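>
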Amino acid sequence: MKKISLFLLMTALFMTSCSKKNEVVKMGTNAAFPPFEYTEGSEVVGFDITMSQLIAKDYGKKLEVVDMNFDGLIAALQSGAIDFIAAGMTATEERRKNVDFSEPYFSSKQVIIVKADNTSIESVEDLEGLAIGCQAGTTGELYVQDSIPNADLKSFKTGIDASLSLKNGAIDAIILDELPSKEIVKRNSDLKIVDDDFCTDVYAIAVRKGNKELLDSVNKTILTMKANGAYEKLINCFMPVDGNIVIPASESVTTDKIVKLGTNAAFPPFEYVDGKDIVG
Ligand code: ARG
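Numbering (our numbering), first residue to last: 1328 to 1607.
The following block contains the structure:
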């Protein structure tokens, strides 16, 4: 069912002919952050990638995905090497000085990963003075720098690199976003997650400061996705079933006015009935 839903979504995506389809819009990401972005063979896939395809389609351009180090994304955006960032990037006030963020599209938090047999780390307070691994340039790294007294911070290119270091005992713990952490632990039975609520993250798309045309278009796509069921399909397709998925409320929707749309739900993939819902 998941596969069929995504197939219908993608079919709708590619059946749409777009006027400027030879022009590209470049999206920057760091494909070591499943389920948001990761590689399958030579292909970069994930929640953010499919969402970016919808963004590019609505913007009337072809999507080009540029995979790079996470801590180089904002500079790449500022220099014009990429047009937007879709990388599970948390919309922080500090980053807002350098980029414009879209509507939020996902709510997450930081968690702690430790060895499965560790019994001494039960909360973030227990990390004081320990060697902690993070992905360079992330909010997890910032949290360690600002909030863990005497931490011996070790920054890695990816969370996966940090996990290798944790497995061989070079560090005591990792601080990383929840869902990528769950993916790491799923693949490594010698690691576990310590679930403590100490830092929340809300993900958004970043565009170059002042690029209102693209920002408006991205926001329109996100709002439409949330309203028409495409967002839910992406969640069903990429997210773990046991994950407590929170869809953040959109900042700009402050009205409870209703707009009525007429359709005939017998025309898949554009509109059709799925259970008691009209989707497409
Ligand atoms: N949410 C965190 C941040 O914005 C981590 C994002 C890492 N993303 C990635 N694609 N590696 O700092």
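Even for Gly, the Cβ is constructed at its ideal location relative to N, Cα and C. Computed from a predicted structure; not experimentally measured.
Using three-state DSSP, classify residue 1566 as helix, strand or coil.
Coil.
> Enumerate, from N- to C-terminal direction, the unbroken alpha helix (DSSP H) stretches of 4 or more residues contained entirely within the segment 1511-1545.
The qualifying runs do not exist here; there are none.
> When you compare each of 1428, 1525 and 1396 to residue 1540 by their alpha carbons, which one comes out closest?
Selected option, being the one with the closest Cα: 1428.
> Classify residue 1437: buried if its beta carbon has 16 or more other beta carbons within 10 angstroms, exposed otherwise.
Buried.
> Quick check on residue 1549: does DSSP put it in helix, strand or coil?
Helix at residue 1549.
> For residue 1400, which option in 1592, 1515 and 1532 has the closest C-alpha, if you only look at C-alpha atoms?
For the residues 1592, 1515 and 1532, the minimum Cα distance to residue 1400 belongs to 1532.
> Apply the 10 Å Cβ neighbour rule to residue 1510 and answer buried if 16 or more other Cβ atoms are within range, or exposed otherwise.
Buried, because 16 or more other Cβ atoms sit within 10 Å of the Cβ of residue 1510.
> State the Cα-Cα distance for the pair residue 1409 and residue 1423, rounded to the nearest angstrom.
When rounded, the distance between both Cα atoms is 17 Å.
> Do residue 1475 and residue 1454 come within 7 Å of each other at the CB atom, strictly closer than that value?
Contact: yes.
> Classify residue 1292 as helix, strand or coil using the three-state DSSP reduction.
The chain is shown from 1328 up to 1607; residue 1292 falls before or after that span and cannot be answered.
> Suppose the cutoff is 7 Å on Cβ atoms and the five residues either side in sequence are ignored; what does the same chain contact list for residue 1398 look like?
These residues qualify, in order along the chain: 1463 and 1464.
> Which stretch, first to last residue, makes up the beta strand (DSSP E) that contains residue 1393?
Segment 1389-1394, the beta strand (DSSP E) holding residue 1393.
> For residue 1451, collect the residues of the same chain with a Cβ closer than 6 Å to its Cβ; drop the 5 residues on either side in sequence, then sort them by chain order.
These residues qualify, in order along the chain: 1523 and 1525.
> Do you know how far the Cα of residue 1528 is from the Cα of residue 1542?
About 20 Å.
> Which partner residues of residue 1380 appear in the DSSP bridge assignment?
Per DSSP, none; premise fails for residue 1380.
> Please state the DSSP three-state secondary structure of residue 1436.
In this structure, residue 1436 counts as strand in the three-state DSSP scheme.
> Under DSSP, the alpha helix (DSSP H) around residue 1487 begins and ends at which residues?
1486-1494 is the extent of the alpha helix (DSSP H) around residue 1487.
> Mind the definition here: the segment 1543-1553 touches the segment 1380-1387 only if three or more C-beta pairs lie below 8 Å; say whether that holds.
Yes: the two stretches touch, three or more of their Cβ pairs being nearer than 8 Å.
> Take the Cβ of residue 1364 as the centre, count every other Cβ of all protein chains shown within 10 Å, and call the residue buried at 16 or more, exposed below.
By the 10 Å Cβ count, residue 1364 comes out buried.
> In whole angstroms, what is the alpha-carbon distance linking residue 1589 and residue 1359?
If you take the alpha carbons of residue 1589 and residue 1359, they lie about 42 Å apart.
> How far does the alpha helix (DSSP H) with residue 1467 in it reach, from first residue to last?
Counting along the chain, the alpha helix (DSSP H) containing residue 1467 begins and ends at 1466-1474.
> Do residue 1501 and residue 1460 come within 7 Å of each other at the CB atom, strictly closer than that value?
The answer is yes: Cβ separation under 7 Å.
> Please work out which residues of its chain come closer than 6 Å, Cβ to Cβ, to residue 1534, disregarding the five sequence neighbours upstream and downstream, and give them in chain order.
Correct list, in chain order: 1411, 1427, 1541 and 1542.
> Is residue 1608 buried or exposed, if buried means 16 or more other CB atoms sit within 10 Å of its CB?
A question about residue 1608 goes unanswered here, because the residues of the chain that appear run from 1328 up to 1607.
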